[in-house]
Each structure stands twice: as C-alpha cells, then as structure tokens.
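Mind the numbering: the sequence shown is residues 119 to 491 in the numbering used here, read in order. Glycine included, every Cβ here is placed at the ideal spot set by N, Cα and C.
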Amino acid sequence: MRAAADFFRALPLVALLLTLTAAPLAAMGWLGQRTAEPPPPAAPRPVVSMLVEDLPSARRSFAGVVVAGTEVQIGFQTLGRLSSRPVDIGDHVETGDLLAELAPDDLQDNVRAARSAVASARVTLETAEATAERTRDLARRNVATKAQLEQAERGLKSAEAGLQQALSEKARAEDAEGFARLLAPFDGVVSAVFESPGAVVNAGTPIVTLSDVETREAVIDLPEAVLSSTPVGTPAEMWLESDPSIRSSGRVTRIEALADTATRTRRVHIAMDSPQNFRLGALIRAQRGDLPNTVLTLPRDAITGPAEAPMVWVVTRDADGTATVHARDVTLREATDDSSVVIAEGLDPGEEVVIRGVNSLNDGQQVGERVAP
Numbered sequence: 119m120r121a122a123a124d125f126f127r128a129l130p131l132v133a134l135l136l137t138l139t140a141a142p143l144a145a146m147g148w149l150g151q152r153t154a155e156p157p158p159p160a161a162p163r164p165v166v167s168m169l170v171e172d173l174p175s176a177r178r179s180f181a182g183v184v185v186a187g188t189e190v191q192i193g194f195q196t197l198g199r200l201s202s203r204p205v206d207i208g209d210h211v212e213t214g215d216l217l218a219e220l221a222p223d224d225l226q227d228n229v230r231a232a233r234s235a236v237a238s239a240r241v242t243l244e245t246a247e248a249t250a251e252r253t254r255d256l257a258r259r260n261v262a263t264k265a266q267l268e269q270a271e272r273g274l275k276s277a278e279a280g281l282q283q284a285l286s287e288k289a290r291a292e293d294a295e296g297f298a299r300l301l302a303p304f305d306g307v308v309s310a311v312f313e314s315p316g317a318v319v320n321a322g323t324p325i326v327t328l329s330d331v332e333t334r335e336a337v338i339d340l341p342e343a344v345l346s347s348t349p350v351g352t353p354a355e356m357w358l359e360s361d362p363s364i365r366s367s368g369r370v371t372r373i374e375a376l377a378d379t380a381t382r383t384r385r386v387h388i389a390m391d392s393p394q395n396f397r398l399g400a401l402i403r404a405q406r407g408d409l410p411n412t413v414l415t416l417p418r419d420a421i422t423g424p425a426e427a428p429m430v431w432v433v434t435r436d437a438d439g440t441a442t443v444h445a446r447d448v449t450l451r452e453a454t455d456d457s458s459v460v461i462a463e464g465l466d467p468g469e470e471v472v473i474r475g476v477n478s479l480n481d482g483q484q485v486g487e488r489v490a491p
C-alpha cells in the first residue's frame with residue numbers, strides 16, 4: 119500500500135518532465151516546417167539596352183575637294199632646255215594658247231647638223247655607186263676579182279643605209295623643232311606647274327597640268343566599311359564646307375581600285391549635277407543622297423543571327439513592370455564605322471533594344487530592369 123501511495127505521489131513530477139521535454143521538440147518540428155518551404159523565385163536578370171533614336175549625326179558626311187573632271191599633264195615630245203613658261207597656277211587659257219617653249223638654238227643646231235649629215239651621206243652614196251659600177255665593169259673583163267666586186271657591193275648597200283638613217287635623223291630633228299612650242303589642247307585652267315625656265319627636260323616630262331573647268335567633280339576618301347554599301351551609281355548630296363547653303367546633288371561615277379596605304383581608304387569620284395557654284399579646289403562635305411528622313415543606328419554588337427538574316431532583341435515592358443524580349447528581323451543599310459550600323463527597316467524610334475549579351479537570350483524570355491550602357 120505504501121508503494122502505491124509513493125507511485126501516485128510521483129505522477130505529477132513525471133507529467134511535468136514530459137511536458138518540458140515535448141515543448142522543445144514541438145518547437146523544433148514547427149521550425150523545421152518553416153525552413154523546408156521553397157525560396158522565392160529569383161528576379162529576372164537586368165539587360166543592357168538602349169532606346170533607339172533618330173540621330174542626325176547618323177547621316178554621316180565625309181570631307182572632300184572639288185577637282186576638274188578632266189585633268190591632263192602636258193609635256194614636250196622632245197628633249198630640250200625650257201626657255202619660257204608664260205602661264206602659272208590659276209591662269210585661264212584657251213585652245214592653242216602657248217603654255218611653254220623650249221630654247222630654239224639647240225633644236226635649230228640639231229636640224230642643221232642633221233641636214234649636213236644627209237648631204238654627207240649623199241656624197242658617200244654617190245661615191246659608193248661609182249665604185250660599184252666601175253668594179254662591175256672590171257669584173258666583166260675579168261680584171262677585178264670576185265672578192266673586190268663583193269666588197270664594192272657591200273659598200274654601196276652600206277652607203278644606201280647610211281643615207282636612209284641620215285634622212286630619218288633629219289626628219290626627227292625637224293619634228294623636234296616643231297615640238298618646241300607647247301600649246302593648250304583645250305580651254306581650261308592651269309592647276310599645277312612642274313618645271314621653270316632654265317630646266318633641261320626630257321621628252322614626256324610634265325610641265326603643267328591643265329584642268330577642264332567645264333566639267334567638275336567631287337572626290338572623297340571612304341573606308342572599306344562604307345564602300346561595301348556604296349557602289350557606283352549611289353546618289354550623293356554635297357555642300358560647301360564654308361557655306362552649307364550652296365549644295366549640289368550628284369552620283370558616284372568611279373571608285374579607285376587601290377587603297378591608300380596609310381589610311382586604308384579608297385578615293386571615290388562623284389559627278390556634280392550643279393557644279394557652277396563650286397570652284398576648283400573648294401572644300402566640300404558629301405553624304406549619301408538616298409538616306410531616309412529617319413536614320414536609326416545601333417552598335418554592331420546588338421546585331422545577332424546569320425549575316426543574311428540579321429535580327430535584334432526588342433524589349434517589351436508591360437504596365438505591371440514585367441518585361442520580355444522578342445527577336446525582330448532588321449535590314450541593315452550600311453556601317454557608319456567599325457562599331458555601328460544603320461538600320462534601314464525593322465525598328466521604330468523609341469523602341470528598346472538589347473545591346474549586350476544578345477547570344478544568351480531566348481524569344482519570350484523575361485528580363486529585368488534596363489541598365490544603360
């Protein structure tokens with residue numbers, strides 16, 4: 119009976135111990151349920167993008183100069199000493215005007231010497247003919263040997279050749295005397311001079327450059343990135359550097375084949391429709407004449423996809439703050455430089471375009487806030 123009484127007296131203590139033990143376990147179980155919940159979804163990644171704008175600077179222009187459509191370097195056809203050059207840079211001349219003249223003394227001396235050589239050659243030929251005829255007569259009478267006859271015949275042929283050579287030299291000397299005056303082949307302006315009186319010049323050495331003022335063109339130097347989309351026939355607009363109100367349209371007529379070794383550019387020739395207000399040597403600026411009113415540019419890194427089907431990633435942002443990217447096909451017009459391109463079709467001003475990380479996006483992918491480049 120006493121043992122039973124002791125048991126019942128111990129029950130409250132056991133209950134208290136069980137309660138104290140269960141409470142921490144219950145708390146641990148509740149905490150375990152809280153930590154087992156999945157984490158909230160990560161925010162979409164930000165994108166480096168830009169808002170497409172119509173920039174007037176995208177209508178890129180290039181510096182150039184007005185030159186004559188026809189320029190000719192003119193020189194003498196014979197060797198001689200330059201005695202006079204009555205024209206200088208900027209002088210206007212007409213067809214037949216004297217541009218330069220060689221000293222006549224040397225040329226006249228050459229003509230006299232050539233004529234004397236012809237006279238001497240004629241005497242030599244007459245002597246050779248008489249010798250040959252006499253030797254033939256002696257050979258018929260068996261007085262002259264065969265060797266003597268052959269020698270006389272050779273002397274005759276040599277004399278005949280000598281006369282022909284002397285006559286040719288005389289003709290050249292007389293022609294050279296006629297080439298002593300350098301005349302203008304057409305109306306124009308002297309745009310360069312190379313030799314001054316007193317200089318000894320060879321045949322073909324340029325003396326002056328004559329430019330036809332009736333035909334003028336602009337020349338500009340373009341890099342390969344721009345040339346790839348600027349074929350012959352491309353329309354152009356030009357204006358004076360000093361007065362942009364003076365303008366002319368034109369068209370690319372020729373692109374030189376060789377690039378400048380220093381600048382790696384090639385010279386482009388543009389025929390001018392209204393050249394009358396553009397003097398030779400005037401500085402101009404030129405740009406494409408077929409650019410639309412709206413010109414949009416993007417960094418080259420924004421373009422993705424194959425070369426024959428370029429595209430960009432356009433960001434659409436909803437009112438609730440969500441944003442997604444969608445692929446958009448575009449048409450490229452030209453490269454403005456090594457890092458930018460002009461968009462011909464496919465985009466409108468104000469649209470947001472991704473310009474970094476374009477190769478890691480998927481169509482319809484959700485993106486985060488915009489980060490300026």
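Worksheet item: Any C-beta of chain D sitting closer than 8 Å to the C-beta of residue 283?
Response: Absence of chain D from the displayed structure is noted, only one protein chain being present.
Fill in: Burial state of residue 329, where buried means 16 or more other Cβ atoms lie within 10 Å
buried
Worksheet item: If you check the beta carbons only, do residue 311 and residue 203 fall under 8 Å apart?
Response: yes
Worksheet item: For residue 212, does the count of other Cβ atoms within 10 angstroms reach 16, so buried, or fall short, so exposed?
Response: exposed
Item to complete: Kindly identify the DSSP beta-bridge partner or partners of residue 338.
Response: 182 and 386
Item to complete: Report yes if the CB atom of residue 221 is closer than 8 Å to the CB atom of residue 325, and no otherwise.
Response: no
Worksheet item: What are the start and end residues of each continuous alpha helix (DSSP H) run of 4 or more residues lying completely inside the region 432-456, in chain order?
Response: none
Worksheet item: Which value, in whole angstroms, describes the spacing of the CA atoms of residue 489 and residue 167?
Response: 6 Å
Fill in: Collapsed DSSP secondary structure at residue 393 in the structure displayed
helix
Fill in: Buried or exposed by the 16-neighbour rule on C-beta atoms within 10 Å, applied to residue 186
buried
Worksheet item: Could you give the distance in angstroms between the alpha-carbon of residue 314 and the alpha-carbon of residue 299?
Response: 15 Å
Discussion item. Rounded to whole angstroms, what is the Cα-Cα separation between residue 378 and residue 340?
Written reply: 10 Å
Discussion item. Between which residues of its own chain and residue 165 is the CB-CB distance below 6 Å, once the five residues before and five after are set aside?
Written reply: 472 and 485
Discussion item. Per the DSSP calculation, residue 172 is bridged to which residue(s)?
Written reply: 414
Discussion item. What does DSSP give as the partner residue(s) for residue 272 in the beta ladder?
Written reply: For residue 272, which the question treats as bridged, DSSP gives no partner whatsoever.
Practice prompt. Check whether the Cβ atoms of residue 467 and residue 414 sit closer than 8 Å, and answer yes or no.
Written response: yes
Fill in: Cβ separation of residue 229 and residue 292, assumed to be a contact under 8 Å, to the nearest whole Å
6 Å
Fill in: Segment limits, alpha helix (DSSP H) that includes residue 256
222-258
Discussion item. Tell me the DSSP secondary structure of residue 347 in three-state form.
Written reply: coil
Worksheet item: What residue range is occupied by the uninterrupted beta strand (DSSP E) comprising residue 191?
Response: 189-193
Practice prompt. Locate the beta strand (DSSP E) running through residue 493, then write down its first and last residues.
Written response: Because the chain here runs from 119 to 491, residue 493 falls outside it and cannot be looked at.
Practice prompt. State the DSSP-derived secondary structure class of residue 296, mapped to helix, strand or coil.
Written response: helix
Practice prompt. Starting from the Cα of residue 360, find the closest Cα among 296, 403 and 387 and give me that residue.
Written response: 403
Worksheet item: According to the neighbour-count rule (16 or more other Cβ atoms, all chains shown, within 10 Å of its Cβ), is residue 482 buried or exposed?
Response: exposed
Worksheet item: In whole angstroms, what is the alpha-carbon distance linking residue 422 and residue 416?
Response: 12 Å
Worksheet entry | Among 162, 383 and 294, nearest to residue 198 - alpha-carbon criterion | 294
Worksheet item: Terminal residues of the continuous beta strand (DSSP E) containing residue 469?
Response: Where residue 469 is concerned, there is no enclosing beta strand (DSSP E), given that its DSSP letter is neither H nor E.
Worksheet item: What are the boundary residues of the beta strand (DSSP E) that residue 325 is part of?
Response: 324-329
Worksheet item: Under a Cβ-count criterion, where at least 16 other Cβ atoms within 10 Å of its own Cβ denotes burial, should residue 288 be classed as buried or exposed?
Response: buried
Worksheet item: So who's on the other strand from residue 422, going by DSSP bridges?
Response: 429
Item to complete: Can you have a look at residue 234 and say buried or exposed, based on whether 16 or more other CB atoms are within 10 angstroms of its CB?
Response: exposed
Discussion item. Less than 8 Å between the beta carbons of residue 374 and residue 382, yes or no?
Written reply: no
Fill in: Where the beta strand (DSSP E) containing residue 373 begins and where it ends
365-373
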